[in-house]
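Numbering (this note's numbering), first residue to last: 56 to 486.
Built from N, CA and C at the ideal position, the CB exists for glycine as well.
As the structure is a prediction and not an experimental result, all values here were calculated from the model.
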Amino acid sequence: MSISTSSSASPRIAVIGAGPAGLMAAERIARQGLAVEVFDAMPSVARKFLLAGVGGMNITHAEDYADFVSRYGNASQWLRPMLDDFSPDNLRSWIHELGIETFIGTSNRVFPKDMKAAPLLRAWLHRLRSQGVSIHPRHRWQGWQMENGKQTWCFSTPEGDKREQFDAVVLALGGASWPRLGSDGQWCSLLTQQGVSIAPLLPSNCGFELPWSEYILERLAGTPLKNIALSLTDIHGQPWTRKGEFIVSQYGIEGSLVYALSAPLRDLMLSNQAEKHANQPAQLWLDWLPQNSYEQVLSKLQQPRKGMSFANVLRKKLNLPAITNALLKECCPELDLHDHQAVTSALKSMPLPCPTATRPIAEAISSAGGITQASVNEHLMLKALPGVFVAGEMLDWEAPTGGYLLTACFASGKHAGDGVCSWLNGNNRNQ
């Protein structure tokens with residue numbers, strides 16, 4: 056299938072999906088003096104972007120750039136040219152051009168000065184409209200249909216079905232997390248039918264289900280564990296360790312520290328389910344005192360107890376919360392509390408119950424999988440659909456929270472928008 060051109064003299068360009076990637080693509084196209092129309096299924100634009108800003112709009116990250124790029128894992132090499140062209144520093148400058156100040160937090164995360172997404176979005180939409188970008192809400196893309204020998208794009212709207220023809224299209228429809236905000240992954244079947252290769256969409260930055268006992272569920276669900284570390288060994292034998300905090304939940308574990316390890320943990324679980332690494336359990340290890348060495352913890356445990364109970368030793372000598380004792384009993388039921396070395400080992404590397412499942416993708420912060428690199432050219436145009444470009448979470452990449460997700464969405468949106476302009480100018484029609 057090839058894209059049909061409209062009958063007008065000037066090209067008609069559509070962006071389908073009004074999140075950060077789609078709006079950035081529209082801006083890049085409009086900057087070239089080209090008319091562009093944005094279509095979105097929801098009543099208003101960028102709903103997931105606004106939700107991400109509720110607790111503080113983490114727009115990007117200010118760590119060393121090489122480290123930044125490495126956060127995209129297997130997709131780092133693919134995304135590198137896009138990130139080089141629209142780096143975290145470029146993104147901050149772009150935000151400043153909108154009249155929004157930013158600052159770098161203590162963890163090197165970058166935020167708008169007022170911590171909110173709405174003022175940034177309002178300023179951006181104002182600029183887009185001044186550039187001539189038109190936005191059509193409540194237009195849900197339903198696929199293609201032949202009319203009079205021409206391929207048309209079909210939309211369902213409150214006023215009925217509509218058929219449109221375009222000279223170029225950018226698809227920026229998101230992944231499959233938070234479908235109530237518009238990203239439902241329904242585009243997968245439409246593109247698969249056209250020969251586009253798509254890696255299965257999977258939950259990323261998600262919680263995991265663990266088989267807690269009734270005691271933990273009834274008395275300790277909702278308890279946060281702070282200033283701790285989690286570690287695992289991935290399917291390639293690579294060790295991972297991250298520090299931070301997470302929450303013991305009714306279904307298992309959730310929170311920023313869990314999300315940071317969700318990709319390798321999820322892949323290890325999937326590998327086990329496929330019986331490729333049946334001898335390597337999806338095991339997380341908890342270090343209650345990552346700031347202290349084994350020897351330091353052991354030394355404190357060997358000090359005279361002076362009649363203190365084990366729970367009080369943990370609380371007073373090691374400054375650990377009450378939940379520590381309960382989880383030691385849960386996760387290390389055979390532990391001899393009088394064996395200082397064994398207790399130290401348990402505190403420095405306590406095995407959590409092996410997770411049984413990820414939480415549903417609809418609950419995840421983001422999704423992995425999507426359109427594979429082999430399905431697009433270097434300008435993000437689909438090889439199976441000349442004139443159709445893709446950007447954002449539709450692509451097969453994932454990243455941890457911390458501004459990485461948004462930065463790659465902006466960068467890929469810019470790349471796709473620039474690709475449209477180049478393609479319409481005839482610079483790469485043969486690619």
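**Prompt:** Just how far apart, CA to CA, sit Pro266 and Pro66?
**Reply:** Approximately 57 angstroms, taken between the alpha carbons.
**Pairwise C-alpha distance: Phe221 and Ser59** = Its pLDDT being 47, under 50, Ser59 is placed unreliably in this model, and the value from its coordinates should be taken loosely. Each residue's alpha carbon lies about 6 angstroms from the other.
With respect to the alpha helix (DSSP H) encompassing Glu453, which residues constitute its N-terminal and C-terminal limits?
Careful: Glu453 lies outside any alpha helix (DSSP H) and carries neither H nor E.
What did DSSP end up calling Asn260 once you bin it into helix, strand or coil?
DSSP places Asn260 outside both helix and strand once states are collapsed to three, so it counts as coil.
Can you tell me where the alpha helix (DSSP H) holding Thr411 begins and where it ends? In the DSSP assignment, Thr411 falls outside any alpha helix (DSSP H), carrying neither H nor E.
Original post:
Which residue from Pro167, Thr161, Leu106, Gly299 puts its Cα closest to that of Leu237?
Top reply: First, the residue type needs correcting, since residue 237 is Gly and not Leu in the sequence shown. Comparing Cα positions, the closest option is Leu106.
field: Proximity below 9 angstroms, CB of Gly262 to CB of Gly310
entry: In this structure, the beta-carbon distance from Gly262 to Gly310 falls below 9 angstroms.
Pick from Leu435, Asp119, Leu287 that is closest to Pro410, judged by C-alpha positions: Minimum Cα distance to Pro410 is reached at Leu287.
Requested in this report: State the DSSP-derived secondary structure class of Val124, mapped to helix, strand or coil.
Outcome: Three-state DSSP puts Val124 in a helix.
Note down the Cα distance separating Leu226 from Asn380, rounded to an integer number of angstroms.
Between the alpha carbons of Leu226 and Asn380 lies a gap of roughly 52 angstroms.
Q. Would you call the region 311-327 and the region 343-357 touching, i.e. three or more CB-CB distances under 8 angstroms?
A. Because the criterion of three Cβ pairs below 8 angstroms is not met, the region 311-327 and the region 343-357 do not touch.
Would you tell me roughly how many angstroms separate the C-alpha atoms of Ile399 and Leu245, rounded to the nearest one?
Sequence check: residue 399 is Thr here, not Ile. Computed Cα separation, rounded: 55 angstroms.
Contacts around Ile71, its chain only, beta-carbon distance under 6 angstroms, and the 5 residues preceding and following it disregarded: Correct list, in chain order: Phe94, Trp196, Leu226.
Self-check item: Coil, strand or helix - Asp119 by DSSP
Solution: It is coil, neither helix nor strand.
Evaluate contact between the region 125-137 and the region 445-458, counting only Cβ atoms and requiring at least three cross-stretch pairs below 8 angstroms. Yes, since at least three Cβ pairs between the region 125-137 and the region 445-458 fall closer than 8 angstroms, the two stretches touch.
- In whole angstroms, what is the alpha-carbon distance linking Gly468 and Ala397? When only Cα atoms are considered, Gly468 and Ala397 end up about 53 angstroms apart.
query: Arg492 by DSSP, collapsed to three states: which one?
result: Residue 492 falls outside the range modelled here, since the chain spans only 56 to 486, and no answer is possible.
Whole-angstrom distance between Phe301 and Asp394, CA atom to CA atom | In this structure, the alpha-carbon of Asp394 lies about 28 angstroms from that of Phe301.
Beta-carbon proximity check, Ile84 vs Gly458, cutoff 9 angstroms
In this structure, Gly458 does not lie closer than 9 angstroms to Ile84 by Cβ.
Status (buried if at least 16 other CB within 10 Å, exposed otherwise) for Asp144: Looking at its Cβ environment, which holds fewer than 16 other Cβ atoms inside 10 Å, Asp144 is exposed.
Check your understanding: Residue range of the alpha helix (DSSP H) that Val475 falls in?
Key -> 459-479 is the extent of the alpha helix (DSSP H) around Val475.
Checklist entry - Looking only at C-alpha atoms, which of Lys168, Arg164, Asn163 sits nearest to Ile155? => result Among Lys168, Arg164, Asn163, the Cα nearest to that of Ile155 belongs to Lys168.
Tell me which residue opens and which closes the alpha helix (DSSP H) that Pro136 is part of. Looking at the DSSP string, the run of the alpha helix (DSSP H) that includes Pro136 is 131-140.
ask   = Do you know offhand how far Thr427's Cα is from Ser364's?
value = Distance between the alpha carbons of Thr427 and Ser364 is about 57 angstroms.
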